[in-house]
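A.B. asks: Let me begin by handing over the structure; questions about it come next.
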Amino acid sequence: GLNIGYRWYDANGVTPAFPFGHGLSYTTFSMSNLSVTPKISDGTQPISIQFFLANTGTRAGAEAPQLYLGLPSQIGEPPKRLVAFSKVQLNPGERTSVQLTIDPAATNHPLSYWDVNTNNWKIA
7 GLNIGYRWYD ANGVTPAFPF GHGLSYTTFS MSNLSVTPKI SDGTQPISIQ
57 FFLANTGTRA GAEAPQLYLG LPSQIGEPPK RLVAFSKVQL NPGERTSVQL
107 TIDPAATNHP LSYWDVNTNN WKIA
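Using the working numbering, the first residue of the sequence shown is number 7, and each one after it goes up by one.
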């Protein structure tokens with residue numbers, strides 16, 4: 007079924023001991039200045055998410071920013087799905103701009119769900 011891994015925890019109201027994507031790091035990171043373009047989507051054009059990522063610690067390290075999306079609950083899909091991610095290496099005090107893109111035409115259909123009545127993908 008659809009509710010495996012982190013989706014099972016969400017569906018059953020269980021808080022895992024470690025969040026999805028949790029890993030050991032010897033430094034800290036911060037994200038700021040989030041912007042989304044376009045603000046409103048018709049579901050056919052890519053959506054760009056940009057933000058700054060900074061290594062606020064004292065050691066070099068890597069961070070994997072993750073973007074989750076939730077479709078309307080009446081569709082019956084899990085409450086969130088991973089739609090984009092990146093891996094960024096930063097030295098101490100370094101800051102960079104990160105862009106994640108949600109492409110509706112991608113093969114993982116990030117803005118769509120499978121309609122069993124029409125046997126086709128539908129934009130939510």
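Glycine residues also receive a C-beta, built at the ideal position from the N, C-alpha and C atoms.
Could you tell me which residues DSSP pairs with Ser118 in its beta bridges?
C.D. replies: By 1-based counting over the sequence shown, the position of residue 118 is 112. Bridge partners of Ser118: Ile129.
A.B. asks: Do you know offhand how far Ser102's Cα is from Glu83's?
C.D. replies: Counted from its first residue, the sequence shown places residue 102 at position 96. Counted from its first residue, the sequence shown places residue 83 at position 77. Strictly speaking, residue 102 in this sequence is Thr, with Ser absent from that position. When rounded, the distance between both Cα atoms is 34 Å.
A.B. asks: Please classify Ser31: does DSSP put it in a helix, a strand, or coil?
C.D. replies: Taking the sequence shown and counting its residues from 1, one reaches residue 31 at position 25. Residue state, collapsed to three classes: coil.
A.B. asks: Mind reading off the beta-carbon distance from Ile55 to Leu106? Whole number of angstroms is fine, and I expect it under 8 Å.
C.D. replies: Locating residue 55 in the sequence shown gives position 49, where the first residue counts as 1. Locating residue 106 in the sequence shown gives position 100, where the first residue counts as 1. At roughly 5 Å, the Cβ-Cβ gap stays under 8 Å, so Ile55 and Leu106 are in contact.
A.B. asks: Helix, strand or coil for Ile87 per DSSP?
C.D. replies: The residue labelled residue 87 in the question sits at position 81 within the sequence shown. A small correction: the amino acid at residue 87 is Arg; Ile does not occupy that position in the sequence shown. Strand, per DSSP.
A.B. asks: Would you say the stretch 56–68 touches the stretch 28–39, given that touching needs at least three Cβ pairs under 8 Å?
C.D. replies: With the cut-off at 8 Å, the stretch 56–68 and the stretch 28–39 touch.
A.B. asks: Just mark Pro98 as buried or exposed, buried being the case when its beta carbon has 16 or more other beta carbons within 10 Å.
C.D. replies: Numbered from 1 along the sequence shown, position 92 holds the residue referred to as residue 98. Exposed, by the Cβ-count rule.
A.B. asks: In angstroms with no decimal places, state the Cα-to-Cα distance between Gly67 and Lys93.
C.D. replies: Taking the sequence shown and counting its residues from 1, one reaches residue 67 at position 61. Taking the sequence shown and counting its residues from 1, one reaches residue 93 at position 87. If you take the alpha carbons of Gly67 and Lys93, they lie about 10 Å apart.
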